Every structure is written in structure tokens, then in C-alpha cells.
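Chains U and F, in that order, give the protein sequences.
For the first sequence, the working numbering assigns the number 1 to the initial residue and increments by one for each residue that follows.
For the second sequence, the working numbering assigns the number 1001 to the initial residue and increments by one for each residue that follows.
Beta carbons: idealized from backbone N, C-alpha and C, even for Gly.
From a predicted model like this one, the values you see are computed outputs, not experimental measurements.
As C-alpha cells, the structure follows; a few thoughts come after it.
Number of protein chains: 2
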Amino acid sequence: MKKSFFSEDQWIECWTAPFLRRRTSGIRYALGHDCAVLHHSSSNQTDLVLKTDAVVEGVHFTRSTPPSLIGRKALARPLSDLAAAGAVPRAALVTVGCSNSIHARRLQKAYAGLALLAKKLNLHVVGGETVRTRQLLLSVSLLGAVAKGRSPGRSGGKPGHLLFVTGKLGGSWPRRHLTFNPRLAEGQWLVRHRFASAMLDLSDGLGADLPRMARASRVGFQIDPKRLPLAPKTTPRSAFTQGEDYELLFSVPPRQVALLRKKWPFSTPITEIGRLLPKAHGFDAGGLPMRGYDHFR
Amino acid sequence: MKKSFFSEDQWIECWTAPFLRRRTSGIRYALGHDCAVLHHSSSNQTDLVLKTDAVVEGVHFTRSTPPSLIGRKALARPLSDLAAAGAVPRAALVTVGCSNSIHARRLQKAYAGLALLAKKLNLHVVGGETVRTRQLLLSVSLLGAVAKGRSPGRSGGKPGHLLFVTGKLGGSWPRRHLTFNPRLAEGQWLVRHRFASAMLDLSDGLGADLPRMARASRVGFQIDPKRLPLAPKTTPRSAFTQGEDYELLFSVPPRQVALLRKKWPFSTPITEIGRLLPKAHGFDAGGLPMRGYDHFR
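Below, the structure is given as C-alpha cells:
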């Protein structure tokens, strides 16, 4: 069977099957979550968080994308996953693939863009690798840390929990997908104060990512399209399906919502968009299509 | 300036310049060593070790390479770096790049080969990523652990320290570069017993890797070509320059050598091949050329 018959989710499932069969006590979350969260045997306070992510020419950016923004996005994407885990990023590994003909200046600018964001976050690039590939490719692996047992993952959502998103949705092309700020402080705060029962970052769009959270939590959901916080010139439909928002989606137990609203210390808005329901209810987004952006197709 | 004018070392230097300028107390070794070794703030016993490495079609394997061996090699290469750090591998992230046209079975077999080696080592694949690339590519990032402050790095060699290698050198093509066993137990043992003042794994060949160790340690060296432990059908020259050996090269203070020989518990041989000398002595390999395999060219 050819690969092109599969979606990204199906491929991940197919490849990771040999690994998923193994259960182990040292790993809290792994495949199927935004990040892997590991118990660290010699620490009583900290779980370690791992994430890898790659951007490729022709898929995540084009030949005309400013190279400093390519480097920035290569780091910002996995940082957004660490944000969803409530983790503080500690170290990055950067793998660059490029052809022999690419100009040195383009690569140096990509690296400089990455280094600038890393510096802003006091995150250290501690290693890397260069390989020869036909397309320009930047792959970033991150190590982070989070208070032991606190990272919510995707599977803790319960029927009745209310669904929130940070920021505005939609309209991330042509520019915002290159310049977004990963919601690290927001995610860390939500985890530190235990508001989020489940959390993920919206990379493929609510229409793809919300069903993932619901499946992991074994629940259904109901979304009110009229409540979606729309970026300028966006329809609910495009905000729901376009992806590349890099906002946080999280569920909150109803008794916590008033306190969350009262204590929320950021200028980034949060918006209640719906609620989790028993699994039998299914997925209901008021008629919006249950799909998002599939980087793989 | 075009990239093709640079060697791999020059490129690493060029790209990493923005990161090397920053010094930080939380990092013992980073760029320029086989692995990054990080202090873990909430642990008094353990340093964390990070490494990333990639294999690409047309560079590290061909279209006719058995796919299970591609997967195996993708994991075994960075494991060899962890071996040189004396680290125990804990978790792996795997990024796969492939085109739409590649067959599912080829990829599944590559993953199965990787999973098999991981299982043998009780190493967990905790996450990954799939991207669309024209050539098949597997990138593996590893997290490992080593006793605090014990990992030798490349820079601890002193004039007078004796140089050893594990195993045999040369002749790794066409097969052994795909089937080698990373010297994890040997590296962990050497570090646990503090025999190695500096250590690295031979991926590009002695002719490239030994000068790297010498430069990092600010010393010279003298190698006796007649003492190189040769694989069958290999000349000293090809053993010195061909690369892909994945054996350990390490330096040992002279007062430790007798004890090392007496206590060495492995069937893997170790061979004394020369010694480190004051920097002014320069690099002397008895006429063998000071170069190795450059994956980048």
C-alpha cells in the first residue's frame, strides 16, 4: 500500500504500533500526546519533557520565506508543544538538512532567527547535526522540565469540563504562522495552578486537534461556532479548520472556571468555546467540519 | 559563498558561532563534543545527556540497503555517541522524512529494525514526527543519563596519556556500518571507573576524529600505524581514514594503564595505538594522512 493513502494520524498510529505495545512505569505520557513526559528517577520534583518537530521547504515554508523566520518557526513550533505540557524549555538540539547548492547566508540567517528566539527564552542550543538533503529542513528537539506529575496531557478531560482557547483563531497565513509567540507563560501558569484537566496546542486546527483531545480523554464535545474568537477577516469555518494557530486548547472543571477568570494574569485573552460531554454524545461543532490541516498530504 | 566550499567541521563552526558565545553554568559540555551534557538542577546524582543524529538516503545508506538495517543504524549511531559519554540511554525521539511514493512496508521495516535495537537496550521511543521529504531520512534524538560530573568529553586529554581504541578498525563497508554494536557497556564501564580522561566514538575515522580530540584537549599526538588493530583485509591507511567504525577512542593516564588492562571485563579488545603529546609536537601518525570520511561532501 502506498503512503499517500494514509493521513498523518494513521501513519503515526501505524509506525508507533511496535512502541505503544510496551508499558513502562518511567513514562507518564509519550506517543499520542504533544510531548513525552518522563519521570526522572533521581529527582523528586521534576518530570522531564521531550519533543521533536521539523519544518521542511515546500510544506511549512516556501523558497521566498525570509530565512530568519524559518529558523524562528522551527523552534517556536515545538516550544508551543512544551507550552501545552506546562514545561519550561531547557535545551535544544537542532538538525539542519540542506543541499550543497544552498547559500551560506540563507542558512546563517535561519540559524540566527532560531538563536534570537532561544536567547529571548534563555534556552540553550546544546547540539545539532548537519545532513545533506535536497530540500531545506530544520528539525528541533527540545528538553524541558515540569513539576512532577503536573503535566496534564490530552487524556484528563471529563464530561462537563469547559473548553477554552487562548488568543484568536484563524488567519494565520500568510504571516502569523511565522511570527507567533508560543504560549509558554500561559501554559506554565495553567499547569502550576492546576486549572487544565487536559491541554494541547492547536497546530492543525480545532477541527483536527479537538477530536484528538476528545478521543484521548474518551469523551464527546459540543462547540458553539458563534463563540470562536476569530482573528480579523476569518470565518468560524476557516478558524476551525485552517490550523497553524499555535494557541492553547484546554479543558477546565466547571467549579474552577470562576477562579480561572479572576486570576488569569495575561493580556492574551481566553475564550470559552464549548464543553466536553459523555462519549455517547459524539463530536458536535454546530455543523463545522471535523477536519484540519494535514501537513502530510 | 556556496556551502560546497566548506567541510562539515567548518560548517558546524559557522552555524554554531552564535550559540558558542554564550557561557552557562548548567551545561558541562555542548557543541563540539559528541553529546551535550547538562547539569540537572533538581538532581544531585545525575547529569543529563542529549544527542541528535540523522541518516539520509544517498549519504548513509542506499536504495538497496535492507530497511530494517537503516532503522537499526539510525539508532545505533547516536547510541555510539552516548557510549562515548559513558551514558545510559533513557529515551528516543524519532523523526522520519519520506516522500509520498515510498512504500509503507519499507518504512515499517525501518521502524521495526529501530524498535528491535531499542527493545534490546530497554530504551523507550517516546515520541516522533513524520515529515515529507524527497529522500528517506531518519533522525534520532536521545536522552541519556550519566553520573554527575563523570562524563569525560573530548577535552580532558593530557600530554603523556596513552591512546586506546576498542575493537578493530577499517573494513566497515559494505556491511559492518549497518550492523555494529554501539560500545555502550564499554563506555559506561570506562566512565564509571574513571579510566578515560577523554573519549569519543570513531564515526569519521581516526584521521578525522583523533585531531578533533587533540584540538579539544589542546595537545598533540603520536600514533604508531603498526599498532592499529586492523579488521580483515584492511591496510593501516584505510583503517585510519575510512570511518564508520563506531569504536571508542579514549586516553588513559599512564599510571592507570596496568589497572585498566587487568580489570577490563569485556570480550571486545582494547589496543594501545599511541600517546598524547604537548601541543607543540603537532599531529604525527607515522605518515598516515590526517583526514577521514566527511559525510557532508
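Boundaries of the alpha helix (DSSP H) harbouring residue 191 (chain U): 184-192, taken from the DSSP string. Look at the region 125-136 of chain U: the residues with a C-beta under 7 Å from a C-beta of chain F are 125, 126, 127, 128, 129, 130, 131, 132, 133, 134 and 135.
For residue 27 (chain U), at least one C-beta of chain F is nearer than 8 Å to its own C-beta. Residue-level contact by beta carbon fails for residue 1109 (chain F) and chain U, as no gap is shorter than 8 Å.
In the DSSP annotation of this structure, residue 290 (chain U) is not part of any beta strand (DSSP E), being labelled neither H nor E.
Going by DSSP, residue 275 (chain U) is part of no alpha helix (DSSP H) but of the beta strand (DSSP E) stretching over 270-277. Residue 1246 (chain F) is not a Cβ neighbour of residue 1195 (chain F), given a cutoff of 8 Å. Burial of residue 141 (chain U) is indicated by the presence of at least 16 other C-beta atoms within 10 angstroms of its C-beta. Note that the region 281-290 of chain U does not touch the region 171-186 of chain U; fewer than 3 beta-carbon pairs, one per stretch, sit closer than 8 Å. Sixteen is the threshold: when 16 or more other Cβ atoms of the shown chains lie within 10 Å of the Cβ of residue 168 (chain U), as they do, the residue is buried.
In summary, the residues of the region 37-70 of chain U whose CB is separated from some CB of chain F by less than 9 Å are 37, 38, 40, 41, 42, 43, 44, 45, 46, 48, 50, 51, 52, 53, 54, 55, 56, 58, 59 and 60, in the order they occur in the chain. Collapsing the DSSP output to three states places residue 1090 (chain F) in a strand. For residue 1201 (chain F), the enclosing beta strand (DSSP E) stretches over residues 1198-1201. Sequence-distant partners of residue 244 (chain U) (beyond 5 residues in either direction) whose C-beta falls short of 6 Å from its own C-beta, in its chain, are 172 and 177. For the pair residue 1117 (chain F) and residue 1067 (chain F), the Cα-to-Cα distance works out to about 14 Å. Partner residues in the beta bridge of residue 165 (chain U), as assigned by DSSP, are U:249 and U:271. If the five residues before and after residue 188 (chain U) are omitted, its C-beta is found closer than 7 Å to the C-beta atoms of 86 and 88, all from its own chain and listed in chain order.
Leaving aside the five residues that flank residue 121 (chain U) on each side, the residues in its chain whose CB is nearer than 8 Å to its CB run, in chain order, 79, 89 and 184. Taking residue 228 (chain U) as reference, the option from U:213, U:207 and U:212 with the minimal CA-CA separation is U:207. Using a Cβ-Cβ cut-off of 8 Å, residue 117 (chain U) does not count as an interface residue toward chain F, since no Cβ of chain F sits closer than that to its own.
One alpha carbon belongs to residue 257 (chain U), the other to residue 92 (chain U), and they sit about 35 Å apart. Among the residues of the region 1136-1170 of chain F, those with a Cβ less than 7 Å away from any Cβ of chain U are 1137, 1139, 1141 and 1143, in the order of the chain. Contact of residue 91 (chain U) with chain F is assigned, a C-beta pair being separated by under 8 Å. Around the CB of residue 1266 (chain F), fewer than 16 other CB atoms lie within 10 Å, so the residue is classed as exposed. From the beta-carbon of residue 243 (chain U), no residue of chain F is found nearer than 8 Å; the closest lies around 15 Å away. Taking 8 Å as the upper bound for CB-CB distance, residue 1163 (chain F) and residue 1238 (chain F) are not in contact here, some 19 Å apart. Contact note: residue 95 (chain U) reaches chain F through 1052, 1054 and 1139, using a C-beta cutoff of 7 Å and chain order. Straight through space, the alpha carbons of residue 192 (chain U) and residue 147 (chain U) are spaced by roughly 8 Å.
Under the 10 Å beta carbon count, residue 157 (chain U) is surrounded by 16 or more other beta carbons and is classified as buried.
Its chain contains 38, 40, 143 and 145 as the residues whose beta carbon lies nearer than 7 Å to that of residue 48 (chain U), once the 5 sequence neighbours on both sides are disregarded; these appear in chain order.
The Cβ neighbour count for residue 1259 (chain F), taken over all protein chains shown within 10 Å, is under 16; the residue is labelled exposed.
The Cβ-Cβ distance between residue 95 (chain U) and residue 1052 (chain F) falls below 8 Å.
In the three-state scheme derived from DSSP, where H, G and I count as helix and E and B as strand, residue 73 (chain U) is classed as helix.
With contacts defined as CB atoms closer than 8 Å, residue 1074 (chain F) and residue 1055 (chain F) qualify as a contacting pair.
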